[in-house]
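Written below as structure tokens is the structure these notes are about.
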Amino acid sequence: AGRPDGVDRANGAGPAPAQLRYVLTHGELEAGASGAAAPLLGVPGIEGSVGVVMLADAVPERVGVRVMEAATEVADALR
15 AGRPDGVDRA NGAGPAPAQL RYVLTHGELE AGASGAAAPL LGVPGIEGSV GVVMLADAVP
75 ERVGVRVMEA ATEVADALR
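When we follow this note's numbering, the leftmost residue of the sequence shown carries the number 15, and every step to the right adds one.
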């Protein structure tokens, strides 16, 4: 969730982490599954995310917002 397609880890090309909020996917993890994920930001030494996967055609937008809020809570707890 924190590393969008096209980000070059060697030189940091791509959107700044502060611009990343959450991603919504469909059929990428498994056929027929949709998901929402948000990165854990500001936690030194940890590159991770909080996500939800469901068997549905799409993820309601509100799920993305809630996953982002959960990722913020987890990151705060890990600092």
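The beta carbon of each residue, even a glycine, is placed where N, CA and C say it ideally should be.
Cβ-based neighbour list, residue i, same chain, cut-off 7 angstroms, excluding 5 preceding and 5 following
i, result
"alanine 72", "His40 and Ser48"
"glycine 65", "Ala15, Gly49, Ala50, Ala51 and Val81"
Burial state of residue i, where buried means 16 or more other Cβ atoms lie within 10 Å
i, result
"proline 58", "exposed"
"glycine 78", "buried"
"alanine 91", "exposed"
Proximity winner among the options, relative to residue i (alpha-carbon distances)
i, options, result
"alanine 84", "Ala70, Ala52 and Gly62", "Ala52"
"glutamate 42", "Leu69, Met82 and Leu55", "Leu69"
"valine 88", "Pro74, Glu61 and Ala45", "Glu61"
"alanine 45", "Met82, Arg76, Val37 and Val67", "Val67"
Where residue i falls: helix, strand or coil (DSSP)
i, result
"glycine 78", "helix"
Same chain only: Cβ atoms within 8 angstroms of residue i, ignoring 5 sequence neighbours per side
i, result
"glycine 56", "Ala89 and Arg93"
Residue i: CB within 7 angstroms of a non-hydrogen atom of the ligand ADP
i, result
"glutamate 87", "The ligand content of the structure shown is nil, which means the ligand ADP is not present either."
Inside the stretch 36-82 only - beta strand (DSSP E) runs reaching at least 3 residues | Unbroken beta strand (DSSP E) stretches of 3 residues or longer found wholly inside the stretch 36-82: 37-40, 47-53 and 63-69, given in chain order.
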